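Numbering (my numbering), first residue to last: 6 to 202.
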């Protein structure tokens with residue numbers, strides 16, 4: 006009888022997890038603090054790896070000038086509140102793979118679906134550099150914003166933003182195999198290079 010109860014409890018838990026998980030997105034508890042999570046805020050550099058998943062952004066994160074933050078394959082970055090940003094003043098390298106995407110998204114609130122604008126943006130400031138490969142940036146206010154920066158985006162999806170998927174001012178951009186969808190305005194691009202000037 007105890008084995009049957011344990012089996013039924015396990016089945017019930019699996020059904021709850023399946024019901025709360027969107028297709029293609031890993032299940033993550035609604036609050037940071039479980040044993041295998043990493044909490045980040047303020048100045049960050051170095052390397053984030055999937056071994057320390059998920060990375061909960063508690064306050065806006067800044068990559069300082071002359072420093073690099075590398076986000077490795079399979080990393081899950083979760084912004085815990087609206088208005089929080091990943092500010093890049095130095096270099097951001099996002100090194101996802103087709104079979105192991107980097108996901109940057111907001112926290113689901115009590116299992117409810119995320120909504121556009123549930124976190125701020127990935128912001129590249131003047132003089133910064135970014136290379137994003139095989140990543141998804143979902144449910145931001147504006148997925149990526151850049152001013153006077155150098156940016157390469159390859160194999161990425163920028164979707165479901167409240168405003169722009171990609172907002173650039175005087176920025177060198179190489180954009181390849183990207184989907185920019187369900188934002189305001191709506192774009193889907195296969196390959197384009199947009200030089201500064």
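Built from N, CA and C at the ideal position, the CB exists for glycine as well.
On a predicted model such as this, the values are computed, not experimentally measured, just so you know.
Cross-strand partners of residue i (DSSP beta bridge)
i	result
residue 44	61
residue 186	164
residue 135	97 and 156
residue 177	155
residue 71	Note: residue 71 sits in no beta bridge, so no partner.
Distance between residue j and residue i (C-alpha atoms, nearest Å)
i	j	result
residue 107	residue 152	23 Å
residue 59	residue 67	18 Å
residue 36	residue 92	With a pLDDT of 48 at residue 36, under the threshold of 50, the modelled position of that residue is not reliable, and no figure is offered here.
residue 185	residue 74	24 Å
residue 123	residue 61	14 Å
residue 130	residue 95	8 Å
residue 177	residue 154	6 Å
residue 173	residue 117	31 Å
For residue i, the nearest candidate out of the options (CA to CA)
i	options	result
residue 1	172, 128, 80 and 174	Given a span of 6 to 202 for the chain in the structure shown, any question on residue 1 remains unanswerable.
residue 181	144, 143, 134 and 139	139
residue 156	127, 167 and 166	127
residue 187	150, 146, 160 and 103	146
residue 101	53, 83 and 189	53
residue 105	125, 78, 112 and 90	78
residue 125	137, 175 and 110	110
Own chain, CB closer than 7 Å to residue i, minus 5 neighbours either side, in chain order
i	result
residue 103	139 and 160
Neighbourhood of residue i by C-beta, 6 Å cutoff - its chain only, sequence neighbours within 5 removed
i	result
residue 48	67 and 69
residue 148	142, 163, 166 and 170
residue 189	168
residue 211	The chain is shown from 6 up to 202; residue 211 falls before or after that span and cannot be answered.
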